[in-house]
Amino acid sequence: MDRDQRPHVLHRFATLTLCPYWQVIVGEDSRQWCDFHEDHENHVLHDPEAHDLVGALITGPPEPSRTPQNLTLSGGALPTHRLSVRNYLGGPGLTPEDLTMVFLMREEDDKSPTYMPTRTVGEAAEAARAIEALGMRSVKVFAGSRIRDGHASQAAAPTGLMARTIKAVKKATPGLAVMTETCVCSHTDSGECWLANERDNSMDLEKTTTVLAAQAVMQAEAGADIVGPAAMIPGSVRAVREALDGAGHRDVAIMPHLIFESVLYQGYRVTMGAAPRSGARAFQINPRRPEMAVHIALEMVREGADMILTEPALHTVDTLVHLKDKLPVPVVPFSVSGEYLRLTDLQEGGERDVSGLMEAYTVLKRAGADRIITYGAVDIARRLRAS
Numbered sequence: 025m026d027r028d029q030r031p032h033v034l035h036r037f038a039t040l041t042l043c044p045y046w047q048v049i050v051g052e053d054s055r056q057w058c059d060f061h062e063d064h065e066n067h068v069l070h071d072p073e074a075h076d077l078v079g080a081l082i083t084g085p086p087e088p089s090r091t092p093q094n095l096t097l098s099g100g101a102l103p104t105h106r107l108s109v110r111n112y113l114g115g116p117g118l119t120p121e122d123l124t125m126v127f128l129m130r131e132e133d134d135k136s137p138t139y140m141p142t143r144t145v146g147e148a149a150e151a152a153r154a155i156e157a158l159g160m161r162s163v164k165v166f167a168g169s170r171i172r173d174g175h176a177s178q179a180a181a182p183t184g185l186m187a188r189t190i191k192a193v194k195k196a197t198p199g200l201a202v203m204t205e206t207c208v209c210s211h212t213d214s215g216e217c218w219l220a221n222e223r224d225n226s227m228d229l230e231k232t233t234t235v236l237a238a239q240a241v242m243q244a245e246a247g248a249d250i251v252g253p254a255a256m257i258p259g260s261v262r263a264v265r266e267a268l269d270g271a272g273h274r275d276v277a278i279m280p281h282l283i284f285e286s287v288l289y290q291g292y293r294v295t296m297g298a299a300p301r302s303g304a305r306a307f308q309i310n311p312r313r314p315e316m317a318v319h320i321a322l323e324m325v326r327e328g329a330d331m332i333l334t335e336p337a338l339h340t341v342d343t344l345v346h347l348k349d350k351l352p353v354p355v356v357p358f359s360v361s362g363e364y365l366r367l368t369d370l371q372e373g374g375e376r377d378v379s380g381l382m383e384a385y386t387v388l389k390r391a392g393a394d395r396i397i398t399y400g401a402v403d404i405a406r407r408l409r410a411s
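All residue numbers for the sequence shown refer to our numbering, where the first residue is 25 and numbers rise by one.
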């Protein structure tokens, strides 16, 4: 049958049913039927045009999960009318183990209002115990410096807020995996992810990479299990890997951030004082160029990445699917501040309804996410445990 004839035929066979003995589609309107012979091999459709339709469109048995609801199965109606059966056939759902909680850190005496929830070191240790009790296995820590300059001089400070947080969380919950952000944006006076050359104010990528490597070593020394280079500077993952290995931390993993440009980071940037003075991140990916994400992720793995973080989570689901096909390492979406604020409803008492997040994260898990990093992890875990 010619391709241009198919719409006419499809229109004629709008009402369809399944022959109970052979998985082919026949037109119910034309009262066609299927002869079933005892040898289970010879099936003849008694309408030439229907036969052409089958030959043109059917390449094998249709998948049961794609069977339209108006088709009749040989075993009767589709089993969707009982909740118990739907739950039985529902497939894998979210679990607390899937989720990583985000800690945005502040100093003890910092009482300034913020867009996103923040924690002190003491509060982080207490929250870590609750997180572990809920069945979650990991946290991701973001922390900046009070003293900020053009050299990010406090980024690798062993007494800084990041180091103190890591130590407190590991002391409270030794079995909890602690992930970090490894970047200079919360340590520079410009909010940029790179350091400037003092001569002409251009990017000094070699200097930036050196600081990132030192920062990663500091985080590992404090007890971090997974460090997260987030500047997306070419060669930075390799520099971090070499620095960790050289300092005796071969068992510390690296999960670099694979970041698309987006307006959804604003809540985080305002809270952490990390909005770039230039107004843009130099190495983030244009959302119209997803093929670049695959290319960069592959290069990160070649440089030594043990897993890849993607953000924003929901705007990169298509990329997540492609990465799962291309990469030999886990892929972990990060549901960023804008997603959290837009997909949760503020309730009386200040709590947020995370139902929208739970639906969204089911999509991520279905698309292949190995884990999901989210500000709503604790609230979702509580809902899951209650159910």
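The C-beta atom is built at its ideal place from N, Cα and C for all residues, glycine as well.
From a predicted model like this one, the values you see are computed outputs, not experimental measurements.
Among the options, nearest to residue i - alpha-carbon criterion
i, options, result
"A192", "I283, G215, A152 and E156", "A152"
"R274", "D249, P253 and P300", "D249"
"V341", "R301, P141, V378 and Y385", "Y385"
"A263", "L113, Q239 and Y364", "Q239"
"Y139", "R293, T232, L200 and R407", "R293"
"A246", "A201, H281 and L288", "A201"
"A393", "L113, N111, V109 and G117", "G117"
"I412", "L370, E131 and S162", "In the structure displayed, the chain extends from 25 to 411; residue 412 sits before or after that span and is not available."
"R161", "K194, T142 and S169", "K194"
"V163", "A196, S169 and A180", "A196"
"G299", "D228, C217 and R390", "The sequence as given places Ala at residue 299; Gly does not occur at that position. Comparing Cα-Cα distances from A299 to each of D228, C217 and R390, the minimum goes to C217."
"V402", "L229, L123, E222 and D349", "L123"
"K348", "A321, D369, G374 and Q371", "A321"
"P137", "G174, G297 and A254", "G297"
"K350", "L388, S108, M125 and E323", "E323"
"G374", "A181, R223, P141 and V165", "P141"
"L225", "V165, G174, N111 and D134", "Correcting the residue identity first, residue 225 is Asn in this sequence and not Leu. Among V165, G174, N111 and D134, the Cα nearest to that of N225 is on G174."
"V387", "L107, N111 and G115", "G115"
6 angstroms Cβ shell around residue i - same chain, five flanking residues per side excluded
i, result
"L185", "M129 and A167"
"P314", "T343"
"I309", "F284, M316 and A317"
"Q290", "none"
"R407", "none"
"P354", "M331 and D394"
"V165", "F127, T189 and T204"
"K231", "L219"
"A254", "E205, C207 and H281"
"N439", "The requested residue 439 is not part of the displayed model; the chain covers only 25 to 411."
"S411", "none"
"V276", "A244 and L268"
Short Cβ contact (7 angstroms threshold) for residue i with residue j
i, j, result
"E6", "V318", "Residue 6 cannot be examined here, being either before or after the span of the chain that is shown, 25 to 411."
"A337", "P357", "yes"
"T189", "V145", "yes"
"F127", "A148", "yes"
"L381", "G362", "no"
"V378", "I404", "yes"
"T204", "Q178", "no"
"R305", "S214", "no"
"H8", "L365", "Missing from the structure shown is residue 8; the chain here goes from 25 to 411 and no further."
"G159", "P198", "no"
"A267", "A237", "yes"
"M256", "F307", "yes"
"L370", "R376", "yes"
Beta-carbon proximity list for residue i, same chain, < 7 angstroms, skipping 5 on both sides
i, result
"A176", "V208, H211, T212, L219 and V235"
"R265", "I278, E327 and G328"
"A391", "V341, L344 and V345"
"E383", "none"
Integer Cβ distance of residue i from residue j, believed to fall under 8 angstroms
i, j, result
"V261", "I278", "6 angstroms"
"G252", "T295", "About 18 angstroms separates the two Cβ atoms, so there is no contact after all."
"S286", "H339", "6 angstroms"
Own chain partners of residue i with C-beta closer than 8 angstroms, once the 5 adjacent residues on each side are dropped
i, result
"P352", "V325"
"R409", "P120, L158 and G159"
"G259", "L229, T233 and E327"
"I155", "M125, V163, T197, L200, A401, V402 and A405"
"A181", "S169, A187 and M242"
Check your understanding: What residue ranges within the region 341 to 386 form continuous alpha helix (DSSP H) runs of no fewer than 4 residues, ordered along the chain?
Key -> 341 to 350 and 361 to 366
Point to revise | In chain order, each alpha helix (DSSP H) run of at least 4 residues that lies wholly inside the region 235 to 283 | key: 260 to 270
Check your understanding: What are the uninterrupted segments assigned as beta strand (DSSP E) that are 3 or more residues long and contained completely in the region 155 to 200, given in chain order?
Key -> 162 to 166
Practice item. With a floor of 3 residues, list each beta strand (DSSP E) that falls wholly inside the region 279 to 318, ordered by position along the chain. Key: 281 to 283
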